[in-house]
Structures are given as C-alpha cells and as structure tokens.
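A.B. asks: For the record, the sequence lines run as chains S and P.
Position 31 (the first sequence) corresponds to 31 in my numbering; numbering is contiguous.
Position 29 (the second sequence) corresponds to 29 in my numbering; numbering is contiguous.
Virtual Cβ for every residue (Gly too), placed ideally from N, Cα, C.
Number of protein chains: 2
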Amino acid sequence: MSPQQRGGETRSRILQAAMECFAQRGYDGTGVAEICRRAEVTKGGFYHHFPSKQAVFLELLNRWLAGLDTQLEAVRAGAESIPEGLLRMAGMVRQVFEAAGGQLPIFLEFLAQAGHDPAVWRATIEPYQRYRAFFRDMIEAGIAEGTLRPIDPEIGANLIVSSAVGLVLQGMLDPQGADWGQVAEESMHMLLESLERKEK
Amino acid sequence: MSPQQRGGETRSRILQAAMECFAQRGYDGTGVAEICRRAEVTKGGFYHHFPSKQAVFLELLNRWLAGLDTQLEAVRAGAESIPEGLLRMAGMVRQVFEAAGGQLPIFLEFLAQAGHDPAVWRATIEPYQRYRAFFRDMIEAGIAEGTLRPIDPEIGANLIVSSAVGLVLQGMLDPQGADWGQVAEESMHMLLESLERKEK
DNA sequence: CGTTGGATACCGACCGGTCGGTATCATTTT
DNA sequence: AAAATGATACCGACCGGTCGGTATCCAACG
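1. Am I right that residue 196 (chain P) and residue 148 (chain P) are in contact with their C-beta atoms under 8 Å? What's the rounded C-beta distance?
2. Does residue 105 (chain S) pass the burial test, meaning 16 or more other C-beta atoms within 10 Å, or should it be called exposed?
3. Output needed for residue 90 (chain P): all residues of its chain with C-beta closer than 6 Å, excluding positions within five of it in sequence on either side, in chain order.
4. How many Å lie between residue 116 (chain S) and residue 17 (chain S) at the Cα?
5. With a Cβ-Cβ cutoff of 7 Å, do residue 180 (chain P) and residue 171 (chain P) count as a contact?
6. Identify which residue in P:84, P:95, P:145 and P:173 has its Cα closest to the Cα of residue 118 (chain S).
7. Taking Cβ positions only, does residue 112 (chain P) come closer than 7 Å to chain S?
8. Run through chain S and tell me which residues come within less than 7 Å of residue 159 (chain P), C-beta to C-beta.
9. Please compile the residues from chain S whose C-beta is within a distance smaller than 9 Å of the C-beta of residue 194 (chain P).
10. Measure the CB-CB distance between residue 132 (chain S) and residue 157 (chain S) and report whether it falls below 7 Å.
11. Considering Cα atoms alone, identify which of S:92, S:182, S:168 and S:152 is closest to residue 191 (chain P).
12. Classify residue 42 (chain P): buried if its beta carbon has 16 or more other beta carbons within 10 angstroms, exposed otherwise.
13. So, do the segment 132–145 of chain S and the segment 50–62 of chain S have three or more beta carbon pairs nearer to each other than 8 Å?
14. Less than 7 Å between CB atoms is the rule here; does residue 3 (chain P) satisfy it with respect to chain S?
15. Does any C-beta atom of chain S lie closer than 7 Å to the C-beta of residue 200 (chain P)?
16. Roughly how many whole angstroms lie between the Cα atoms of residue 29 (chain S) and residue 176 (chain P)?
17. Classify residue 185 (chain P) as helix, strand or coil using the three-state DSSP reduction.
18. Flag residue 93 (chain P) as yes if its beta-carbon sits less than 7 Å from any beta-carbon of chain S, otherwise no.
19. With a cut-off of 7 Å, does the C-beta of residue 137 (chain S) fall near any C-beta of chain P?
20. Run the CB neighbour count on residue 109 (chain S), radius 10 Å, all protein chains shown included, and call it buried at 16 or more, exposed below.
21. On a Cα-Cα basis, can you pick out the residue from S:35, S:154 and S:76 that is closest to residue 54 (chain S)?
22. Have a look at the DSSP bridge pairing and note the partners of residue 210 (chain S).
23. Could you have a look at residue 163 (chain S) and say whether DSSP puts it in helix, strand or coil?
24. Please report the straight-line C-alpha distance between residue 22 (chain P) and residue 112 (chain P), rounded to a whole angstrom.
25. Please list the segments of the alpha helix (DSSP H) lying wholly inside the segment 53–138 of chain P, counting only runs of 4 or more residues, in order along the chain.
26. Assuming contact is defined by CB atoms lying nearer than 7 Å, are residue 85 (chain S) and residue 94 (chain S) in contact in what I supplied?
27. Among the residues of its own chain, which have a CB less than 6 Å from the CB of residue 140 (chain P), if the five just before and after it don't count?
28. How about residue 138 (chain P) and residue 82 (chain P): do their beta carbons lie closer than 7 Å?
29. Suppose you measure from the CA of residue 32 (chain P) to the CA of residue 11 (chain P); what does that come to, to the nearest Å?
30. With a threshold of 7 Å on Cβ separation, who are the neighbours of residue 79 (chain S) within its own chain once the five nearest residues in sequence on each side are excluded?
31. When you compare each of P:178, P:159 and P:164 to residue 194 (chain P) by their alpha carbons, which one comes out closest?
32. Measure the C-alpha to C-alpha separation of residue 24 (chain P) and residue 103 (chain P) and round it to an integer number of angstroms.
33. How many angstroms separate the CA atom of residue 38 (chain P) from the CA atom of residue 72 (chain S)?
34. Would DSSP call residue 207 (chain P) helix, strand or coil?
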C-alpha cells in the first residue's frame with residue numbers, strides 16, 4: 001500500500017474515532033490519548049496528521065456542514081415544486097438521524113464549542129445565515145410560482161430553520177423520546193399547510 | 001449581619017460568578033479557582049457551600065427552569081384566550097434575552113452537559129416533556145373554545161416547542177445577528193395565523 | 001453582666017492525577 | 001539516502017477536591 005493511502009486511512013480513522021469520542025464524552029471530556037486508543041494510533045501519529053485537538057474538531061465540523069449543504073442543494077435541484085422540495089427536506093431529518101447511529105450528540109458539541117471558540121463560532125454561525133438565505137430564496141420562488149401564500153420570506157425562512165434546529169436538538173437529547181423523523185415530517189407538513197396557497 | 005444572611009449572600013455570589021464563568025468559558029473550561037476569584041471567595045468557602053462544581057451547575061439549571069415555569073404559568077393564567085396567551089408567550093423570548101444580558105450561552109452549556117451527565121440530562125429532558133404537554137393542553141383548549149383549527153395537538157405543540165428552542169439557540173449563538181425578540185414574535189404570529197380558526 | 005462552648009462561615013496550602021503537546025527515535029517506502 | 005510515518009517517553013500546567021486550622025457570632029449559664 002502506498003504511503004499516501006496508508007496515511008489517508010490513518011487520518012480518517014482518527015477522524016472517525018474522534019467523532020465517536022466527542023459524541024460520547026464531549027470535546028473537553030475526551031483526551032487525545034483516548035482518541036488515539038480508539039483509532040489504534042499513537043500520539044505521535046495523531047500529531048503527525050493534525051496540529052491540535054481543535055483542528056480535528058474543526059475538520060469534523062466542516063465535513064458535517066459540507067455534507068448538509070450538498071444534500072440540501074441536491075434536494076432543491078431535484079424537486080419539481082417548492083412545497084415538494086420543502087417536504088423532502090423534512091425527510092432529510094430522518095436520514096440525518098439514521099446516518100449518525102446514535103452518535104449525534106456531537107452536534108451539541110459543535111454548538112457548545114461555538115460559544116467559547118471564535119473559530120468554531122464563525123464556522124457555525126455562517127451556515128445558519130446561509131440556510132436562512134436558502135429557505136428565504138425558496139419561499140420567494142414558491143410565492144413567485146404561485147404555490148405559496150405571499151408571506152414574509154424572511155420570517156418564514158426563520159421559522160423553518162428554527163423548527164429544524166429545535167427538532168434536531170430534541171432528537172439529540174432524547175433519541176428514544178419519539179420517532180423524530182416522523183415528527184419532523186408531520187411538523188413540516190403542518191407548517192407547509194399554512195404556507196401553501198390553497199385553491200378554493 | 002447575621003451569619004445566615006452572610007452565608008446566603010456568599011452563596012448567591014458564588015452562583016452568580018459561576019453563571020458568568022460557565023457562560024463565558026463553558027463548564028469544563030472554568031475551574032473552581034476562577035469561580036472563587038470572581039466571587040471573592042476562597043476554595044474553602046466554595047466547598048463549604050457546595051459539595052462539588054457539578055452541584056453549582058445543577059442548581060443554576062434548576063433555578064433557570066423554575067423561573068421559566070412560573071413565567072409560563074403566569075401568562076397562561078392571565079390570558080383571556082388561547083391565541084392571545086400564545087402570543088404573549090412569544091413575547092417572553094424578548095424578556096429572556098434581555099434578562100440575561102448577553103450571558104445566555106449558559107443555556108448551551110446546559111444542553112451540552114446534558115449529553116454527558118445523566119443527572120443533568122434528566123433535569124433537562126423532563127422540562128421539555130412538560131412544555132410539550134403544556135402547549136398540547138393549550139392547543140386542545142383552544143380547539144375546544146373554538147379559537148384554533150382542529151389540528152393535531154401533539155404536532156402543534158411540538159412545532160411550538162421546536163421553534164422556540166431553535167429561536168433561543170440562534171439568539172444565543174448570534175445575539176447581534178437580529179432582533180430576536182421581534183423575530184420570535186413575528187414567527188409565532190405567522191405560526192398562529194395558520195393555527196387560528198378564521199371566521200369567514 | 002461576663003464568660004464559655006460550639007456551630008457556622010471561611011481560609012489557603014496542598015495532593016493525586018490528567019491533559020495537551022513536544023522531542024526523539026525506529027521503521028518503512030520511494 | 002531522503003522523506004514519510006508512527007511509536008515512546010516525557011514535560012509543565014492545571015484541575016477538582018481535601019484538610020487542618022481560624023474568625024465570627026449566638027445562646028446558655030452563672
């Protein structure tokens with residue numbers, strides 16, 4: 001195996017292990033040693049691939065956000081109408097939950113760290129603004145195509161983003177508390193029902 | 001000054017200092033020594049009043065939640081109709097933000113810690129269930145009194161709680177990003193508009 | 001009234017242990 | 001040989017919590 005391949009594999013093993021540790025014990029709660037143990041790498045290897053613990057965290061955050069971005073964009077491009085697109089985005093919540101296999105609380109870590117670390121903060125807050133703009137544009141398009149009532153797009157986008165964030169958060173905290181994927185779909189359905197233009 | 005008074009004052013000074021520290025540096029990020037410095041108490045005094053750092057954190061959490069509870073209940077009792085009550089609860093968001101004076105990120109700490117510490121988790125998750133039940137009852141009452149459309153109360157309550165949580169979260173992360181109090185009111189207004197029974 | 005006993009409040013040095021990060025060396029690949 | 005990779009040992013800082021001791025005040029007693 002080439003060294004690039006080996007190095008890359010070690011690198012992703014570290015990332016994977018770090019994600020699991022952060023999700024279970026939190027950022028401050030997990031030591032570099034623990035990540036190394038789980039990734040079957042020594043400290044030397046760790047600091048060969050990453051300059052610091054924070055760098056690993058930041059890369060994890062950026063990957064997660066990038067994944068969300070591409071998913072959202074794909075759904076938008078594939079949807080026939082705005083309401084249908086929004087509904088399918090609600091379905092993404094279920095996917096997000098299933099994909100992470102109970103290791104989701106790392107999202108909480110992202111948020112908590114954003115409160116203390118300016119670098120994490122910038123990386124966290126910027127996507128929120130992007131998402132608000134994203135849904136604002138969608139709503140405007142929906143109004144233009146006549147499938148949505150003429151509401152204030154800013155407020156509507158905010159409502160969507162807020163509900164999504166709140167939903168994901170509750171799902172993180174209490175995965176067994178409900179079928180959050182289904183709750184997300186039904187909530188978005190109710191929300192849409194009120195935004196959609198009804199033919200009389 | 002009686003010793004009880006002195007003791008009580010010291011105790012609340014510790015709580016206040018701890019809240020500020022936790023909000024700025026996070027739970028793990030703040031040492032007991034730092035809390036003591038800010039509260040002008042020594043470590044001995046700290047551990048005289050509290051058995052552990054976690055105990056301080058938990059008391060802070062419980063006080064916050066208790067305050068929210070009493071406020072919500074007061075609004076419900078004082079409202080003439082369900083929609084009016086819901087609208088005034090949206091106004092509470094502005095109050096919450098102003099009352100905390102930018103020290104709000106401690107809410108994030110509550111959430112993050114809930115992911116790791118079972119005691120914090122129980123204290124955090126239980127109010128969510130209570131709030132969902134609270135709003136479900138309100139919606140049911142609203143349907144009964146004829147001011148709300150006959151929607152699914154569970155889903156509606158979930159939508160309200162999720163939006164509120166997401167709104168508060170965004171306000172924490174980016175206090176300067178918007179007038180969150182106003183955004184909360186307008187969002188709730190839009191939400192209500194779709195839930196309210198419209199006379200034709 | 002003065003004294004005394006003891007409860008409460010508070011002090012600050014100290015401990016065992018952990019942590020993130022570094023320095024150095026060994027091995028493998030090109 | 002040079003570069004990439006990763007293993008081992010170690011460092012200094014810091015942290016939560018403990019502990020022996022002191023200051024302050026109240027209540028009971030003589």
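C.D. replies: Taking the geometry as given:
1. 6 Å
2. buried
3. 184, 185 and 188
4. 23 Å
5. yes
6. P:173
7. yes
8. 163, 187, 190 and 191
9. 190, 191, 193, 194 and 195
10. yes
11. S:152
12. exposed
13. no
14. Here residue 3 (chain P) scores only 47 on pLDDT, less than 50, and its place in the model should not be relied on; the value that follows carries that caveat. Cβ-Cβ to chain S under 7 Å: no for residue 3 (chain P).
15. Residue confidence for residue 200 (chain P) is low, a pLDDT of 39 falling below 50, so the modelled location carries little weight; the figure read from the coordinates is stated next. Chain S, which has no Cβ nearer than 7 Å to the Cβ of residue 200 (chain P), makes this no.
16. 30 Å
17. helix
18. no
19. no
20. buried
21. S:35
22. With chain S represented from 1 up to 200, any question about residue 210 (chain S) goes unanswered, as that position is not in the structure.
23. helix
24. 12 Å
25. 53–78, 82–100 and 106–114
26. no
27. 153
28. yes
29. 14 Å
30. 85 and 88
31. P:159
32. 7 Å
33. 46 Å
34. Outside the shown range of chain P (1 to 200) lies residue 207 (chain P), about which nothing can therefore be said.
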